[in-house]
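J.:
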Amino acid sequence: NQWPLPEDKLVALRNLFQEQLDQDHLEPSTSPWNTPVFCVKKKPGKWRLLQDLWEVNALMESMRTLQAGMPAPIMLPADWLVLIMDLKDFFFTIPLHPNGKPKFAFTVTAINNAEPTQQYQWKTLPQCQWYVAKALSGVHKQFPDARFYHYMDNILVVVSTQDELLRIQPQLFHALHFHGLQ
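Quick note: the sequence shown uses our numbering, first residue 1, plus one each step.
1) Have a look at P144 and L87 and give me their C-alpha separation to the nearest angstrom.
2) Assuming L10 and T109 are in contact, meaning their beta carbons sit under 8 Å apart, how far apart are those beta carbons, in whole angstroms?
3) I need the straight-line Cα distance from Q120 to K41, nearest angstrom please.
4) From the DSSP output, read off the bridge partner residues of L83.
5) As a quick exercise: from Q171, V37 and P77, pick the residue whose alpha carbon is nearest that of L5.
6) If you compare alpha carbons, which of R14, K134 and A58 is closest to R48?
7) Is the beta carbon of K123 less than 8 Å from the beta carbon of E27?
8) Residues in the same chain with beta-carbon distance under 7 Å from L96, minus the five sequence neighbours each way, listed in chain order, please.
9) I'd like the list of long-range same chain contacts for N154, defined as Cβ closer than 8 Å, with 5 residues on each side in sequence excluded.
10) Within its chain, find whatever has a CB closer than 7 Å to the CB of H140; leave out the 5 residues flanking it on each side and keep chain order.
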């Protein structure tokens, strides 16, 4: 069931979903599944979409550990220079199998219940650590002393010199763009 949301969040959700519909990441659904969605406001005033996949995750088949843990930003050298690349809020790289799509369904509630709710399901899923790591692998090889930290839609690159920072930035931008990341 969808959680009740205040009007500002409903407006933001509807706008976020319309963007995803326009980009062909969503499709209408009649799924018996329904996972709650909500959004949080980011600092620059933009909204981030969140979907509670707890029920879906509980039914997923267990896989081996893909990464032993998350990198800790505290491990980055404090006196090095930092380059922050903000990826576009959503980058969709994981196509869903047609049989799996209904499990990722959600309902978009109308403001003040003025119209029927609309149900959608994802055609692709956002975020993929593996895909970003693949996109950055060539830059890693070119700059073996640089430290990379990817979290959500941000990539932090930490280097020891200004010269290295100036050399890595265009390479990083090119690698991300080449792999379709904005």
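Built from N, CA and C at the ideal position, the CB exists for glycine as well. All figures in this text were calculated on a predicted structure; none of them were measured in a lab.
T.: Judging by the given coordinates:
1) 22 Å
2) 6 Å
3) In the sequence on display, residue 120 carries Tyr and not Gln. Spanning the two alpha carbons is a distance of roughly 22 Å.
4) V157
5) V37
6) R14
7) yes
8) F104, W122, K123, T124 and L125
9) I84, M85, D86 and L87
10) F148
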